[in-house]
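*Asks:* The sequence shown runs 17 to 177 under the working numbering.
Below are the C-alpha cells for one structure; questions will follow.
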Amino acid sequence: MCIHLNLMIFTKIIRGFIRVMQGVKLGGGQGKHMFSENFVDRDISPAYFEKEIKSGRKHIHAIAPGMYCINHTCSMRIGIDLSECTDCDWSIIESVAYAKAARSESINILETLKLRNELSADIAAFHTVRIRAAEKIMADMNQNFEQYQSPAEEWLISSTV
Numbered sequence: 017m018c019i020h021l022n023l024m025i026f027t028k029i030i031r032g033f034i035r036v037m038q039g040v041k042l043g044g045g046q047g048k049h050m051f052s053e054n055f056v057d058r059d060i061s062p063a064y065f066e067k068e069i070k071s072g073r074k075h076i077h078a079i080a081p082g083m084y085c086i087n088h089t090c091s092m093r094i095g096i097d098l099s100e101c102t103d104c105d106w107s108i109i110e111s112v113a114y115a116k117a118a119r120s121e122s123i124n125i126l127e128t129l130k131l132r133n134e135l136s137a138d139i140a141a142f143h144t145v146r147i148r149a150a151e152k153i154m155a156d157m158n159q160n161f162e163q164y165q166s167p168a169e170e171w172l173i174s175s176t177v
C-alpha cells in the first residue's frame, strides 16, 4: 500500500520533471534546484522511480496538494508550516493552490479578529508568517498578487520569510 502511494506521488514528480524540461518553474528548494539543472540525460521513467522506491534509495511524501518532500526524516504531513517548506532543500512545489488557500484563510482570520478587537500578538504572528510564506511561494512561481499588509505588522520582529 505504501509503495503504491509513493509511486502515485512519484508520477507527480515525473510530471514535475517534465514541466521543468518544458520551462515551467517549480517552487521549493528542490523544485528550484530541478529548474536550474539540465535534465537531458536523466532517467525519469516510472520504472526507474519504482525501482528506487522499492530499494529504499528514494523516498517521497505529499505535504499538501501540489507540494511534495523527498526527505526521509521530514515529519511534515497534513498540518504543515509553510514557512518551513518554502526554501527547504527537499521540497518540490508544483502548484500554488494550497499556498493561495492558506494565505486567504489567514487573511480572513486576521481581518475578522481585528474587526472583533480580538487579535492577539501570537495569533497575528502565526498568520502573518503563514501569509508571508505563501506569498514567497507565489512569487517563486511567478504568480501575481498584492502583498498583504497585516494589521499587526508593527508587533512583529522583521524576518527573512
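Using N, Cα and C, we set each Cβ at its ideal position, and we do this for glycine too.
Remember, predicted model here, so these are calculated numbers, not experimental data.
What is the DSSP secondary structure of H143, reduced to helix, strand or coil?
*Replies:* Three-state DSSP puts H143 in a helix.
*Asks:* Who are the Cβ neighbours of Q159 in its own chain at under 6 Å, not counting the five residues just before and after it?
*Replies:* Hits under 6 Å: V112.
*Asks:* Determine the extent of the alpha helix (DSSP H) in which S122 is found, giving its start and end residues.
*Replies:* That run of the alpha helix (DSSP H) goes A113 to L131.
*Asks:* To which residues does DSSP link I76 through a beta bridge?
*Replies:* Per DSSP, none; premise fails for I76.
*Asks:* For the beta strand (DSSP E) containing C85, list its first residue and its last residue.
*Replies:* Unbroken beta strand (DSSP E) run through C85: M83 to C85.
*Asks:* Would the beta-carbon of H143 fall within 7 Å of that of S120?
*Replies:* Taking 7 Å as the Cβ cut-off, H143 and S120 do not qualify as a contacting pair.
*Asks:* Are K74 and E66 closer than 7 Å when you measure CB to CB?
*Replies:* Contact flag unset, no.
*Asks:* F161 to S71, Cα distance in whole Å?
*Replies:* When rounded, the distance between both Cα atoms is 43 Å.
*Asks:* Does DSSP put S107 in a helix, a strand or coil?
*Replies:* S107 falls in the strand class under three-state DSSP.
*Asks:* Would you report the Cα separation of I125 and A155, rounded to the nearest angstrom?
*Replies:* I125 and A155: Cα-Cα distance of roughly 22 Å.
*Asks:* Less than 7 Å between C-beta atoms, sequence neighbours within five positions excluded: which residues of the same chain meet that for A115?
*Replies:* So the list reads L98, A150, I153 and M154, once near-sequence residues are dropped.
*Asks:* Compare the Cα-Cα distances from Q165 to each of A80, K130, M157 and I79 and report the closest residue.
*Replies:* It is K130.
*Asks:* Decide if S107 is buried, meaning its Cβ has at least 16 other Cβ atoms within 10 Å, or exposed.
*Replies:* Buried, because 16 or more other Cβ atoms sit within 10 Å of the Cβ of S107.
*Asks:* Between G44, A118, C85 and P167, which lies nearest to T128 when the distance is taken from Cα to Cα?
*Replies:* Ranking G44, A118, C85 and P167 by Cα distance to T128 puts P167 first.
*Asks:* If I'm right that A80 touches I96 with Cβ under 8 Å, what's the distance once you round it to whole angstroms?
*Replies:* That belief holds up - the Cβ atoms of A80 and I96 are roughly 6 Å apart, short of 8 Å.
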